[in-house]
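Notes to accompany the following structure.
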Amino acid sequence: MTHGDDCCTPEEDGNQSDQQQPLILERVEKETAKDWKSLVSHQLKKHCSCTQKKAKSKILGFVPILTWLPRYQVKEWLLGDIMSGVIVGILLVPQSIAYSLLASQDPIYGLYTSFFSSLIYALLGSSRHISVGIFGVLCLLVGQVVDRELALAGYLTESSSVSSNNSADLLAGQGNDSVGVGCDRSCYAITVGATLTFTAGVYQVLMGLLQVGFISIYLSDALLSGFATGASLTILTSQIKYLLGLKIPRPQGWFTLFKTWYSLLINLGKTNICDLVTSLLCLLILIPTKELNNRFKAKLKAPIPFELFVVIIATLASHFGHFNTDYGSGVAGDIPTGFLPPKLPMWSLIPNVAVDAFSIAIVGFAITVSLSEMFAKKHGYTVDANQEMYAIGFCNILPSFFRCFTTSAALTKTLVKESTGCQTQISGLVTALVLLLVLLVIAPLFYSLQKCVLAVIIVVNLRGALQKFTDVPRMWRVNRVDAAIWMITMATSALVNTELGLFVGVLVSALCVLGRTQRAQVLELGRATMREHYEDLSSYRGLQTHPEVAVFRYEAPIYYANQSLFKKSLSRCVGINPVKEKSRRNKLRKKNKQQGEVAGAPNMKLEETKVTGKEDEVEAGKTVITMNSPCSLRSVVLDCSAILFLDTAGVNALKEVRKDYGELGITIVLAQCSASVLDDLERGGYYPDVKGCDEGGDKIIFFTIADAVHYVQSLSAPNGDCDSKC
Numbered sequence: 008m009t010h011g012d013d014c015c016t017p018e019e020d021g022n023q024s025d026q027q028q029p030l031i032l033e034r035v036e037k038e039t040a041k042d043w044k045s046l047v048s049h050q051l052k053k054h055c056s057c058t059q060k061k062a063k064s065k066i067l068g069f070v071p072i073l074t075w076l077p078r079y080q081v082k083e084w085l086l087g088d089i090m091s092g093v094i095v096g097i098l099l100v101p102q103s104i105a106y107s108l109l110a111s112q113d114p115i116y117g118l119y120t121s122f123f124s125s126l127i128y129a130l131l132g133s134s135r136h137i138s139v140g141i142f143g144v145l146c147l148l149v150g151q152v153v154d155r156e157l158a159l160a161g162y163l164t165e166s167s168s169v170s171s172n173n174s175a176d177l178l179a180g181q182g183n184d185s186v187g188v189g190c191d192r193s194c195y196a197i198t199v200g201a202t203l204t205f206t207a208g209v210y211q212v213l214m215g216l217l218q219v220g221f222i223s224i225y226l227s228d229a230l231l232s233g234f235a236t237g238a239s240l241t242i243l244t245s246q247i248k249y250l251l252g253l254k255i256p257r258p259q260g261w262f263t264l265f266k267t268w269y270s271l272l273i274n275l276g277k278t279n280i281c282d283l284v285t286s287l288l289c290l291l292i293l294i295p296t297k298e299l300n301n302r303f304k305a306k307l308k309a310p311i312p313f314e315l316f317v318v319i320i321a322t323l324a325s326h327f328g329h330f331n332t333d334y335g336s337g338v339a340g341d342i343p344t345g346f347l348p349p350k351l352p353m354w355s356l357i358p359n360v361a362v363d364a365f366s367i368a369i370v371g372f373a374i375t376v377s378l379s380e381m382f383a384k385k386h387g388y389t390v391d392a393n394q395e396m397y398a399i400g401f402c403n404i405l406p407s408f409f410r411c412f413t414t415s416a417a418l419t420k421t422l423v424k425e426s427t428g429c430q431t432q433i434s435g436l437v438t439a440l441v442l443l444l445v446l447l448v449i450a451p452l453f454y455s456l457q458k459c460v461l462a463v464i465i466v467v468n469l470r471g472a473l474q475k476f477t478d479v480p481r482m483w484r485v486n487r488v489d490a491a492i493w494m495i496t497m498a499t500s501a502l503v504n505t506e507l508g509l510f511v512g513v514l515v516s517a518l519c520v521l522g523r524t525q526r527a528q529v530l531e532l533g534r535a536t537m538r539e540h541y542e543d544l545s546s547y548r549g550l551q552t553h554p555e556v557a558v559f560r561y562e563a564p565i566y567y568a569n570q571s572l573f574k575k576s577l578s579r580c581v582g583i584n585p586v587k588e589k590s591r592r593n594k595l596r597k598k599n600k601q602q603g604e605v606a607g608a609p610n611m612k613l614e615e616t617k618v619t620g621k622e623d624e625v626e627a628g629k630t631v632i633t634m635n636s637p638c639s640l641r642s643v644v645l646d647c648s649a650i651l652f653l654d655t656a657g658v659n660a661l662k663e664v665r666k667d668y669g670e671l672g673i674t675i676v677l678a679q680c681s682a683s684v685l686d687d688l689e690r691g692g693y694y695p696d697v698k699g700c701d702e703g704g705d706k707i708i709f710f711t712i713a714d715a716v717h718y719v720q721s722l723s724a725p726n727g728d729c730d731s732k733c
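Position one of the sequence shown corresponds to residue 8 (the working numbering), numbered consecutively onward.
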């Protein structure tokens, strides 16, 4: 049992009813820990046993469509799902082709990627509203890896590629483990992209099997927003060469933003006027129309697909104007219909892309889970983070055999999907049907589409991320720590390296959390006038303090990284450093002893008196040692209610504090410790094993500050009177 007082009993003088009784609580006995064999056996039985009910639950959980499809409300939901699916499919056609450029792939593979990801997520995803497919940041990451591997394989520039990309050329001379002579630049690029996608998907499925979906909580909104904005700056810079019609290789390594701008400036004289004029016209059309869509989105049943209109008009103009042959304008080229036969990834490339694939897997999963949880909360249902990990993992593994690149959820298309009446992932199946129609029939018609038009579509779709810069002042006013994380992550992603930006963002976020525990200070508390409640003296008016008793609170866990800061902060609040004070007293005693020997009284008794800071003196007949004292302080109560946990260093710090101040005559007691902190103290040996009235005071546990204050006041009462305590 833990109790408020077991050292003395109040005198029965008729006033016991007026005294405050200490709070007494009895701890629940914990179960004895099982040995490891029992624990392993229990877990094996739990996870390896198979019943009909458990098997059905696992299957339904792994394929969520089997759960909600039988309850599908056709009359209420079908029309909205069809409308949202068709609209998202129409929007995906130009965007899929455009983002293929960003991933350094041919246009057909963007369509493949959007088709397979929409189909697979509709079957395996637990969110009803998000749209999974191409995402600009992931396309950028894939493109950087592809360009790096192309350079290592000897494909230095885009001009070295062969214009044909039909299935025969792709398969000619290429095995699964080596690059054949007949494999051109386009063939090798999609091989790298597919291998990278396969590896990222394997990572995601493994994380789902290991039930580590919780890692998404460590990627804060500020971190993801800053990362996306920084990557958007890199994407914007990478597309300017297409806007100007320049053929320059994508730089590798760090500081690609500066390298790209340097290459653009020195090649500015080679600008293709046809591409530049086309880019300006498309920008003049798309930017205002996008604003119109945003402004009237509440009144419009569906956003007007201006991108598709621009693509159709630009393709017709390029075809009949012979922009490619007469003006040297870069075009999308041959886009074959149908599907290529499935093909295994290049196993020998996996070690080269393994690290890149891990960062891509984390980014893709984090964005998907963040969006799915946001829309699930908005519409009143729940999603499973581990199931989302499986879903997005298989959206990468299975399509990689059909030469697709990495996918995740995308905010813009998800917002469009939700606003156009989406109710379930049936809309994803409808989107897949629209893309299938394009792949089988319409795709070759985009042969003459200029690459600069695709670059314009990418740039225009970056507006949302780039507009985050206008929110920086508001973010700074709301929370400076989050604003700092956003700016550091954004700057590192844009100016140094995209993948490094994610790592730096996570590191800075962790350091900010640790920094908050480092900045925590010991606060002195005062008692409210009308009741036994204690709060910070510097934050509230009218609080009272007790004579000879000080109450302090530490609002952070005490562990190895901040235990020394805790002791320093406490000594500042108490007004005395116990280590320095003991050293000073020892020096004074030694000095007085030497002076006493000089005066001829080596065995003279030392008498300590309280004075206010005068130097030690030698009077006739006696030696007086004067010492500074922390006023009349006799006891300190530490409010531990805000201490979440203690490690070994934290418990040792509390032991040292109790010992050091105890040697100066100041009693340290703890109050309001949580059950977990009490366990930490018990395991760390904070409480002595001895029991009894004489030495059991350190064993006393106080559940309220008032009980602790009454107890320490009773310690200084004359003749051990306990009346003042209870």
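The beta carbon of each residue, even a glycine, is placed where N, CA and C say it ideally should be. Please read all numbers here as calculations on a predicted model, not as lab measurements.
Which word fits A715, buried or exposed, when buried means at least 16 other C-beta atoms lie within 10 angstroms of its C-beta?
Translated into the one-based positions of the sequence shown, residue 715 becomes position 708. Result: buried.
Given this structure, state the Cα-to-Cα distance separating K420 from S138, to the nearest angstrom.
In the sequence shown, the residue the question calls residue 420 occupies position 413. In the sequence shown, the residue the question calls residue 138 occupies position 131. Those two C-alpha atoms are separated by around 6 Å.
Where DSSP assigns a beta bridge to H553, which residues make up the other side?
As a working mapping, residue 553 is identified with position 546 in the sequence shown. BP columns for H553 point to V556.
Three-state secondary structure (DSSP) of V644
Translated into the one-based positions of the sequence shown, residue 644 becomes position 637. The answer is strand: DSSP assigns V644 an E or B state.
By the DSSP assignment, the alpha helix (DSSP H) with I675 in it spans what residues?
Within the sequence shown, the letter at position 668 stands for residue 675. Segment T674 to A678 is the beta strand (DSSP E) holding I675; no alpha helix (DSSP H) there.
Length of the line joining the Cα atoms of I708 and E542:
What you label residue 708 is simply residue 701 of the sequence shown in a count that begins at 1. What you label residue 542 is simply residue 535 of the sequence shown in a count that begins at 1. Distance between the alpha carbons of I708 and E542: 21 Å.
So, is A535 buried or exposed, given that buried needs 16 or more other C-beta atoms within 10 angstroms?
In the sequence shown, the residue the question calls residue 535 occupies position 528. It is exposed - the Cβ of A535 has fewer than 16 other Cβ atoms within 10 Å.
Can we say the segment 234-254 touches the segment 456-466, given the rule of at least three CB pairs closer than 8 Å?
yes
Taking Cβ to Cβ, would you say S664 is nearer than 8 Å to L577?
Within the sequence shown, the letter at position 657 stands for residue 664. Within the sequence shown, the letter at position 570 stands for residue 577. According to the sequence displayed, residue 664 carries Val and not Ser. Yes; because the gap between Cβ atoms is below 8 Å, this pair is in contact.
When you compare the segment 250-263 with the segment 495-510, are there three or more beta-carbon pairs, one atom per stretch, that lie closer than 8 Å?
yes
E614: buried (16+ other C-beta within 10 angstroms of its C-beta) or exposed?
Within the sequence shown, the letter at position 607 stands for residue 614. Below a pLDDT of 50, predicted positions are generally treated as unreliable, and E614, at 43, falls in that range; no measurement from the model is reported.
Would you kindly report the start and end of the unbroken beta strand (DSSP E) that includes L530?
Locating residue 530 in the sequence shown gives position 523, where the first residue counts as 1. First-last of the beta strand (DSSP E) with L530: V529 to R534.
How about the segment 448-455 and the segment 396-408: do they share at least three Cβ pairs that are nearer than 8 Å?
no
In chain order, each alpha helix (DSSP H) run of at least 4 residues that lies wholly inside the segment 230-295
263-273
Does DSSP classify V719 as helix, strand or coil?
The residue given as residue 719 occupies position 712 in the sequence shown. Helix.
Between the CA atoms of L722 and Y694 - distance to the nearest angstrom:
Counting from 1 along the sequence shown, the entry for residue 694 is found at position 687. Counting from 1 along the sequence shown, the entry for residue 722 is found at position 715. Roughly 19 Å separates the two Cα atoms.
Simplified DSSP state of G703, which is helix, strand or coil:
Position 696 of the sequence shown, counted from the start, is the residue given in the question as residue 703. For G703, the predicted model reports a pLDDT of 44, less than 50, meaning its position is unreliable; a value from the coordinates is still stated below. Looking at G703 - three-state DSSP - the assignment turns out to be helix.
For G140, name the three-state secondary structure that DSSP assigns.
Here residue 140 refers to the residue found at position 133 when the sequence shown is read from its first residue. In this structure, G140 counts as strand in the three-state DSSP scheme.
Entirely enclosed alpha helix (DSSP H) segments - the segment 386-425, minimum 4 residues
392-407
Within 10 angstroms of the Cβ of V441, are there 16 or more other Cβ atoms? Answer buried if so, exposed if not.
On the sequence shown, position 434 is the one that residue 441 refers to. It counts as buried.
Taking 7 Å as the limit between beta carbons, can you name the residues of its chain near K424, skipping five residues before and five after?
Residue mapping note: residue 424 aligns to position 417 of the sequence shown, counting from 1. Closer than 7 Å at Cβ, skipping near neighbours: S91, V95, H136, S138 and S434.
Closest residue to G340 among Q457, I31 and P101 (Cα-Cα distance)
For the purposes of this step, residue 340 is taken as the residue at position 333 of the sequence shown. Among Q457, I31 and P101, the Cα nearest to that of G340 is on Q457.
How long is the line joining the alpha carbons of G345 and I104, rounded to whole angstroms?
What you label residue 345 is simply residue 338 of the sequence shown in a count that begins at 1. What you label residue 104 is simply residue 97 of the sequence shown in a count that begins at 1. Using only the alpha carbons, I get a separation of about 16 Å.
Segment contact, 8 Å Cβ cut-off, at least three pairs: the segment 684-692 with the segment 649-665:
yes
Between S639 and C680, what straight-line distance do the alpha-carbon atoms span, to the nearest angstrom?
The count along the sequence shown starts at 1 and reaches residue 639 at position 632. The count along the sequence shown starts at 1 and reaches residue 680 at position 673. Using only the alpha carbons, I get a separation of about 27 Å.
Cβ separation of P71 and S124, assumed to be a contact under 8 Å, to the nearest whole Å:
In the sequence shown, the residue the question calls residue 71 occupies position 64. In the sequence shown, the residue the question calls residue 124 occupies position 117. With 8 Å as the limit, P71 and S124 do not qualify as a contact, their Cβ atoms being about 16 Å apart.
Helix, strand or coil for D543? Go by DSSP, reduced to three states.
If you number the sequence shown from 1, residue 543 lands on position 536. D543: strand per DSSP, three-state reduction.
Whose C-alpha, out of N274, S193, G582 and Q394, is nearest the C-alpha of F69?
For the purposes of this step, residue 69 is taken as residue 62 along the sequence shown, with counting starting at 1. Here the closest residue by C-alpha is Q394.
In terms of alpha-carbon separation, which member of M537, V488 and E539 lies closest to V515?
Start at 1 with the first residue of the sequence shown, and residue 515 comes out as number 508. Out of M537, V488 and E539, V488 has the C-alpha closest to the C-alpha of V515.
Limits of the unbroken alpha helix (DSSP H) element including A490:
As a first step, residue 490 must be located in the sequence shown, where it is residue number 483. R487 to A498 is the span of the alpha helix (DSSP H), which, as asked, contains A490.
Taking buried to mean at least 16 other C-beta atoms within 10 Å of its own C-beta, is I141 buried or exposed?
Position 134 of the sequence shown, counting from 1, holds the residue named residue 141. The residue in question, I141, is buried, as its Cβ has 16 or more Cβ neighbours within 10 Å.
Which of helix, strand or coil DSSP assigns to F709:
Numbered from its first residue, the sequence shown carries residue 709 at position 702. Correct three-state label for F709: strand.
Secondary structure at Q601, three-state DSSP: helix, strand or coil?
Position 594 of the sequence shown holds residue 601. Residue state, collapsed to three classes: helix.
Output needed for F409: all residues of its chain with C-beta closer than 7 Å, excluding positions within five of it in sequence on either side, in chain order.
The sequence position of residue 409 within the sequence shown is 402, counting from 1. Y119, F123, F346, L347 and P349, listed in sequence order.
Cut-off 7 Å between Cβ atoms - residues of its own chain near C429, not counting five sequence neighbours on either side
In the sequence shown, counting from the first residue as 1, residue 429 sits at position 422. Hits under 7 Å: G87, D88, S91 and H136.
Return the first residue and the last residue of the alpha helix (DSSP H) that V515 is part of.
Numbered from its first residue, the sequence shown carries residue 515 at position 508. Looking at the DSSP string, the run of the alpha helix (DSSP H) that includes V515 is T505 to R526.
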